[in-house]
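Residue numbers (numbering that gives the first Met the number 0): 0 to 231.
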Amino acid sequence: MTTQTKLMTPKTIVRLAVVLLVVPLAPMIISGAWDWWEAWAYAIINILGFMISRVLAVRRHPDIIAERARSMEMQDAKPWDKILSPMLAFGALIILIVAGADKGFGWSTPFSLNAKLVSLVVIILGYAFGSWALIENRFFSGVVRIQTDRGHHVVTTGPYRLVRHPGYAGGLWTYLAMPVLFDSLWAFIPTVLLIGVLVLRTSLEDRTLQAELPGYKEFTQKTRYRLLPGIW
Numbered sequence: 000m001t002t003q004t005k006l007m008t009p010k011t012i013v014r015l016a017v018v019l020l021v022v023p024l025a026p027m028i029i030s031g032a033w034d035w036w037e038a039w040a041y042a043i044i045n046i047l048g049f050m051i052s053r054v055l056a057v058r059r060h061p062d063i064i065a066e067r068a069r070s071m072e073m074q075d076a077k078p079w080d081k082i083l084s085p086m087l088a089f090g091a092l093i094i095l096i097v098a099g100a101d102k103g104f105g106w107s108t109p110f111s112l113n114a115k116l117v118s119l120v121v122i123i124l125g126y127a128f129g130s131w132a133l134i135e136n137r138f139f140s141g142v143v144r145i146q147t148d149r150g151h152h153v154v155t156t157g158p159y160r161l162v163r164h165p166g167y168a169g170g171l172w173t174y175l176a177m178p179v180l181f182d183s184l185w186a187f188i189p190t191v192l193l194i195g196v197l198v199l200r201t202s203l204e205d206r207t208l209q210a211e212l213p214g215y216k217e218f219t220q221k222t223r224y225r226l227l228p229g230i231w
């Protein structure tokens, strides 16, 4: 039995269905507005982006999906990340649920078309930047851990020349743009909370890597910023 076959358990299949279908379609499921073009645009970007990024990542690093699929079971995952990782994973879903409820009940005044088009571009770029990190970094795990079992070393190429945590950076811009695309001022509340979790996780992960991963501290002298060039 191949590693890929072992990974395709009923639990994994259900999880994949939720990620690919339920989460991207959540705003329309909640609101009942199936003619909502902004929600369809987000869903298409999300589904295609997920599939394409994983295919490209596996072609370059065949073992990365196995690592990510079993990451929450790893005994050496940092205890604090067993809390923060699920919060970050499900945080975007909360934004989508609030946006769907906002649409259904008409709580917020719509943004301009230009603002929504800009937000759509930001989401695409944010997703592409984060996917680039996944494709470039063989050690892009679902949890923070030093992967000694996989020969963990510092990755300094691709988006890591710009910021030390490009996966989080891409997520940051995507989260900020989502409430605008979905015409939901209320969605900014979970967005701000989610960004707080993202910044905290980035900080804790960076400290862990500097303390435990050989060569990472030297890497911080070359790539100075964690998320935002010139700021942090």
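Cβ coordinates follow ideal geometry from the N, Cα and C atoms, glycine included.
Return no unless some Cβ of chain B is closer than 8 Å to the Cβ of residue i.
i: N136; result: Here chain B cannot be found, since the structure has a single protein chain.
If I'm right that residue i touches residue j with Cβ under 8 Å, what's the distance once you round it to whole angstroms?
i: L83; j: L175; result: That pair is no contact at about 19 Å.
i: V162; j: T222; result: 7 Å
i: W79; j: L203; result: 6 Å
i: L23; j: I46; result: Residue 23 is actually Pro in this sequence, not Leu. The Cβ separation is near 5 Å, so the contact holds.
i: R137; j: H60; result: 4 Å
i: I122; j: M177; result: 7 Å
i: V196; j: M86; result: 5 Å
i: A186; j: V97; result: 5 Å
i: K77; j: T207; result: 6 Å
So what's residue i in DSSP terms, helix, strand or just coil?
i: T222; result: coil
i: L184; result: coil
i: P165; result: helix
i: D80; result: helix
i: M0; result: Residue confidence is low: M0 scores 42 on pLDDT, short of 50, so the model does not pin down where it sits. No coordinate-derived value is stated.
i: V21; result: helix
i: I230; result: coil
i: G214; result: coil
Determine contact between the segment 133-149 and the segment 62-75, defined as no fewer than three beta-carbon pairs at a distance below 8 Å.
yes
Hey, is the segment 185-194 in contact with the segment 109-117, meaning 3+ C-beta pairs nearer than 8 Å?
no
At least 3 beta-carbon pairs within less than 8 Å: the segment 124-135 vs the segment 37-52
yes
Of all the alpha helix (DSSP H) runs that stay within the bounds of the segment 101-161, which reach a length of 4 or more residues?
112-135
Tell me, please, whether the segment 148-155 touches the segment 86-98 by the rule of three or more beta-carbon pairs shorter than 8 Å.
no
Touch check for the segment 164-172 and the segment 104-112: three-plus C-beta pairs under 8 Å?
no
Length at least 4, wholly inside the segment 24-95: the alpha helix (DSSP H) runs in chain order:
25-30, 36-59, 63-68
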